[in-house]
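Accompanying notes for the structure given below.
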Amino acid sequence: NGIVVDQHGNVLLIKRNDTRTFAPPGGALDAGELPPDGAAREVREETGLIVLPVRLTALTYLPMSPSGFLSFSFRCLLRGGEITPSEESPVVGFFKANPLPRRISSFHRERLEKGLAHAEERPLFFQHHVSSFNKAARFVLRHVIYRWLDAKRKLQGKPPYQPPPTWTVSTYLLCANAAGEYLWHRPDDAAPWQLPGGQAAGLMAPWETAVQLAQQQTGLHLQPHALSSVYLGPKETQLTLVFSAKPAENPPTNNAAHAWFSPNAEASQFQPAHQQMVINTPTQEQPTQFHLQNE
84 NGIVVDQHGN VLLIKRNDTR TFAPPGGALD AGELPPDGAA REVREETGLI VLPVRLTALT
144 YLPMSPSGFL SFSFRCLLRG GEITPSEESP VVGFFKANPL PRRISSFHRE RLEKGLAHAE
204 ERPLFFQHHV SSFNKAARFV LRHVIYRWLD AKRKLQGKPP YQPPPTWTVS TYLLCANAAG
264 EYLWHRPDDA APWQLPGGQA AGLMAPWETA VQLAQQQTGL HLQPHALSSV YLGPKETQLT
324 LVFSAKPAEN PPTNNAAHAW FSPNAEASQF QPAHQQMVIN TPTQEQPTQF HLQNE
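The numbering of the sequence shown is the working numbering, which starts it at 84 and goes up by one.
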């Protein structure tokens with residue numbers, strides 16, 4: 084999502100053609116696209132305006148079938164363009180932020196209200212509550228409205244709607260001790276050292292999956308503190324989230340399964356991509372950084 088505010092404090096909204104509700108402009112990432120680039124593209128496609136995403140305000144998760152929805156919300160600067168409605172957004176305009184329009188979904192409202200009030204460098208991260216109404220609305224959207232819209236496109240001679248790509252999301256936790264060393268683990272003696280965490284699965288928020296995996300891997304309950312970095316790659320539909328984290332209890336001493344290493348002084352066998360994540364860790368609090376990750 085792109086959160087755009089004009090000189091009068093009004094917020095840019097679209098009226099969706101599927102739900103007929105208001106929402107900030109936004110949509111699914113294309114394969115090989117970084118989240119800030121995706122936000123700028125979606126704003127231009129749905130509103131005609133050219134914006135520059137300057138700061139991630141929130142990373143949110145909506146635990147709805149089949150695989151959940153991970154969303155990045157950016158505060159954006161208006162750079163140009165003219166308001167131009169689209170097929171997906173027949174109504175586009177700037178609306179009062181307080182109060183927001185009544186016809187807006189609960190999760191879009193939550194993202195907007197928290198995003199507009201957000202003033203810190205580090206973004207918020209939270210999971211939306213899903214009500215029975217949300218589930219019923221999602222069912223009607225998938226099985227009735229989208230099918231009707233596809234049939235309408237076919238009658239108009241337009242190509243069928245193409246579903247967005249399926250992404251895999253992994254989350255790792257950067258936990259440093261007082262000496263500036265980072266916690267690593269390995270499943271067995273033959274495996275390379277890696278950061279605690281792993282790939283998201285089911286309908287659990289990615290950072291909650293990382294906490295669960297880290298406890299299994301290190302015996303520590305790590306508490307995510309801030310989203311440090313986001314990596315795209317090496318596959319074009321693969322995202323990696325890196326959170327700074329704090330241990331809930333006293334850190335353990337080194338053993339065969341987990342150990343503390345200073346940056347650039349890791350053991351002989353380690354995941355190079357994870358070493359780069361440590362190197363890229365900011366020394367002070369700053370906005371989330373976005374990177375391309377090679378093989």
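Using N, Cα and C, we set each Cβ at its ideal position, and we do this for glycine too.
Taking Cβ positions, are Gln-359 and Gln-277 nearer each other than 8 Å?
-> no
Can you give me the Cβ contacts of Thr-336 inside the same chain, cut-off strictly under 8 Å, excluding the 5 residues immediately before and after it?
-> none
Within the same chain, show all residues whose beta-carbon is closer than 6 Å to that of Gly-198, passing over the 5 residues directly before and after it, in chain order.
-> Ile-86, Thr-140, Ala-141, Ser-156
Express the C-alpha separation of Leu-132 and Ile-166 in angstroms, rounding to a whole number.
-> 6 Å
Taking 8 Å as the threshold, find out whether the stretch 115–135 comes into contact with the stretch 147–162 through three or more Cβ pairs.
-> yes
Inter-residue Cα distance where the pair is Tyr-244 and Leu-375 | 29 Å
For Arg-236, collect the residues of the same chain with a Cβ closer than 7 Å to its Cβ; drop the 5 residues on either side in sequence, then sort them by chain order.
-> Answer for Arg-236: Pro-243, Tyr-244, listed in chain order.
Determine the direct distance from the alpha carbon of Val-175 to that of Thr-249, and round the result to whole angstroms.
-> Between the C-alpha atoms of Thr-249 and Val-175 there is a straight-line separation of about 28 Å.
Span of the alpha helix (DSSP H), counted from its first residue to its last, around Ala-123 | 118–130
Taking one C-beta from the stretch 340–354 and one from the stretch 173–191 each time, how about it: are there three or more such pairs within less than 8 Å?
-> no
Write down every uninterrupted run of the beta strand (DSSP E) in the stretch 251–328 whose length is 3 residues or greater and which is fully enclosed by it, in chain order.
-> 251–258, 265–268, 280–282, 305–315
Rounded C-alpha distance that separates Pro-136 from Arg-230 = When only Cα atoms are considered, Pro-136 and Arg-230 end up about 33 Å apart.
Roughly how many angstroms lie between the CA atoms of Leu-224 and Thr-102, to the nearest whole one?
-> Near 7 Å, if we compare the C-alpha coordinates of Thr-102 and Leu-224.
Where Ile-187 and Ile-97 are concerned, what is the direct C-alpha to C-alpha distance, given to the nearest angstrom?
-> 10 Å
Proximity below 8 Å, CB of Leu-385 to CB of Leu-324 | Only positions 84 to 378 of the chain appear in this structure, which leaves residue 385 out of reach.
When you compare only the Cα positions, how much space is there between Arg-185 and Gly-281?
-> Distance between the alpha carbons of Arg-185 and Gly-281: 39 Å.
Skipping 5 residues on each side, what residues in its chain have a beta carbon closer than 6 Å to that of Tyr-255?
-> Leu-278, Gly-280, Val-325
Mark Ala-283 as exposed unless 16 or more other C-beta atoms lie within 10 angstroms of its C-beta, in which case mark it buried.
-> Looking at its Cβ environment, which holds 16 or more other Cβ atoms inside 10 Å, Ala-283 is buried.
May I have the straight-line CA-CA distance separating Phe-373 from Leu-315, to the nearest angstrom?
-> Rounded to whole angstroms, the separation of the alpha carbons of Leu-315 and Phe-373 is 8 Å.
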